[in-house]
Ligand SMILES: Cc1ncc(C[n+]2csc(CCOP(=O)(O)OP(=O)(O)O)c2C)c(N)n1
Ligand SMILES: [Mg+2]
């Protein structure tokens, strides 16, 4: 049976593992229980800075610490990172200070908390900031691996994690193959390539299996890093498959689909269908119900794949 | 408008029952802050708010802004008691398509004046309502309920300063001072030192009460409405117990955002006098 896990747990584990580095510090804004930085806080209270419910302050405290030689990992819900957007822009990204911001509970998949909590624009807004690495991993193994690498990155970053458990895609041995900026082909295929991030990666695998039953060969890519985007991989998918689909639990405007489209129009051409939240706010619902309401669950990905192929 | 103290207390008890039922059914949500605010909310709606449940969009209604929008079960229970929504609607809490969204939402639920969920926004919105009422030469008021953890958001203090600057006597805040936020006690997360002094120094009229003592709540609401306090914004600091009314939830940070299990649910119904032990 497939193991189920939440990406936020991979983040929490990575922080603990990173603690050997005395420069690693953790910043919280009263959501450590939820983002999973609480494990670090319990083990290393002296290196954990509680900022109260004050996200704007937290980002700039991080900037000050980064400028003083520390490696700050700050987290809150994805939606509340956006409250500190300008702090991230002017105080972190502009001076290129390596503050690592993690937004948990991203996407409509976060569920019954409803639209106020379901960030559908975080990837888009942080992608517009120069210097900032933007990631949205799909399982706990890759989240842990990518978070560990951040400690050696000299750029600021934004990583979205998710609240709910999803199927684990990587075994622990695969951890070495996961690298910031490099997409991973999880399933080979020749007719169409489905490029996904976060919770949509497992949905894309399901879609590829359904397509296989109909004789359609679909590749599935875990594009955990939206920025810098793995353009070489996209180019090779275009030449191998000739049609692309993107899948994300994020507004169809500005996220992974847009990033791939930006690359395509400037390089090689292939038809692209984008599966994403159709430019509307969410509502309260269970995680799986939300993927249906937003028309982004696996059947919608399969439909998009057939459409992309028909446009070749 | 003329409910007696005993009647408001009974209304609050019924609301507590509904709060527990909502989070139990959903197996999610925020009981702690709903229970701490409920005596205040019941009293405010039953005895002060100028509203028309059958005409929720009546333009000259008093506004109520639940800035700590996660404590929505408390507000939904009161809205049901007041007749804005039905008791049946309460079953839609956190259910797909339901009027009772996870966080109070003016787009979804009649009687809700502000779409909350992100802390630190309601006071600014309330100030906007108060400025608009003044421009309209209307005597409607804006009441805003904020949390103590919420007070750590800088935007609260932007609004506090601005509201005093503009001498908004029609803006009235109730602070649910339950001493607990999401992860822990406020004291551990972010000490706030002398809260009444902070508000006073920002130019506000300030009064402190026990937020579970109905007689004190009435005095506190009188203070908010008093003519002599119409020179500027006023805040009622209500000392409350997070999870108040359910023994195992009281002063327990774990019940900020967690639902009772079957056993705990039964116990809550006994403690609230719904079923016999
Ligand atoms: C801007 C923002 N940051 C974080 C959160 C997550 N959050 C929801 S409730 C809560 C604690 C609120 O504590 P308090 O204001 O004291 O509310 P109460 O105790 O009355 O429930 C937090 C941090 C949020 N909703 N909004
Ligand atoms: Mg509180």
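Chains as they are written, first to last, in the numbering used here: chain A, 8 to 319; chain B, 4 to 280.
Where is the CB? At the ideal position from N, CA and C, for every residue including glycine.
About 13 Å separates the Cβ atoms of residue 198 of chain A and residue 217 of chain A, ruling out a contact at the 8 Å cut-off. The Cβ atoms of residue 11 of chain B and residue 57 of chain B do not sit closer than 9 Å to each other.
As the crow flies, the alpha-carbon of residue 134 of chain B is around 10 Å from that of residue 145 of chain B.
Of the residues assessed, residue 179 of chain B falls on the buried side of the cut-off, its CB having 16 or more other CB atoms within 10 angstroms. In terms of side-chain proximity, the C-beta atom of residue 154 of chain B is found nearer than 8 Å to a non-hydrogen atom of ligand 1. With a threshold of 16 other beta carbon atoms within 10 Å, residue 151 of chain A meets it and is buried.
Residue 38 of chain A is not a Cβ neighbour of residue 149 of chain A, given a cutoff of 9 Å. The three-state reading of DSSP puts residue 256 of chain B in helix, counting H, G and I together. Taking 9 Å as the threshold, the shortest C-beta distance from residue 57 of chain A to chain B falls below it. According to the DSSP secondary-structure assignment, residue 165 of chain A is paired through a beta bridge with A:108 and A:141. Residue 272 of chain A and residue 245 of chain A have their C-alpha atoms spaced approximately 12 Å apart. Annotation for residue 189 of chain B indicates a beta carbon within 8 Å of some heavy atom of ligand 1.
Identification of residues in the stretch 190 to 208 of chain B having a C-beta nearer than 8 Å to some C-beta of chain A yields 191, 192 and 193, given in sequence order. Residue 33 of chain A and residue 251 of chain B have their C-alpha atoms spaced approximately 32 Å apart. Per DSSP, reduced to three states, the secondary structure at residue 318 of chain A is coil, with no helix or strand assignment. Residues of chain B with a Cβ closer than 7 Å to the Cβ of residue 296 of chain A are, in chain order, 99.
The beta carbon of residue 108 of chain B sits closer than 9 Å to some beta carbon of chain A. Straight across, the Cα-Cα distance linking residue 264 of chain A with residue 295 of chain A is about 21 Å. Proximity of residue 185 of chain B to chain A, defined by a Cβ-Cβ separation below 9 Å, is satisfied. As computed with DSSP, residue 242 of chain B is found in a beta bridge with B:180 and B:213. No residue range can be given for residue 232 of chain B, since it is assigned to no alpha helix (DSSP H) and is classified by DSSP as neither H nor E. Judged by beta-carbon spacing, residue 213 of chain A lies within the 9 Å limit of residue 308 of chain A, meaning their Cβ atoms are closer than that value.
Excluding its 5 nearest sequence neighbours in each direction, residue 81 of chain B has C-beta neighbours in its own chain below 7 Å: 18, 44, 45 and 48, listed in chain order. When secondary structure is reduced to three states using DSSP, residue 92 of chain A falls in the helix class.
In the DSSP assignment, residue 257 of chain A falls within the unbroken beta strand (DSSP E) covering 251 to 258. Of the candidates A:292, A:188 and A:300, the residue whose Cα lies closest to the Cα of residue 231 of chain A is A:188. Listed by position along chain B, the residues whose Cβ is nearer than 8 Å to that of residue 40 of chain A are 185 and 186. Beta-bridge analysis with DSSP links residue 173 of chain B to no other residue. Using a Cβ-Cβ cut-off of 8 Å, residue 64 of chain A is close to 157 of chain B, given in chain order.
Annotation for residue 161 of chain B indicates a beta carbon at 8 Å or more from all heavy atoms of ligand 1.
Among the CB atoms of chain B, none fall inside 9 Å of the CB of residue 54 of chain A. Not one heavy atom of ligand 2 lies closer than 8 Å to the C-beta of residue 194 of chain B. Within chain B, 152, 184, 185, 186 and 192 have C-beta atoms less than 7 Å from the C-beta of residue 37 of chain A, given in sequence order. For residue 151 of chain B, the distance from the CB to the nearest heavy atom of ligand 1 is below 8 Å. Between the stretch 121 to 129 of chain A and the stretch 252 to 266 of chain A, the count of C-beta pairs closer than 8 Å reaches three or more; the two stretches touch. The stretch 117 to 135 of chain B and the stretch 161 to 181 of chain B touch, with no fewer than 3 CB-CB distances between them shorter than 8 Å.
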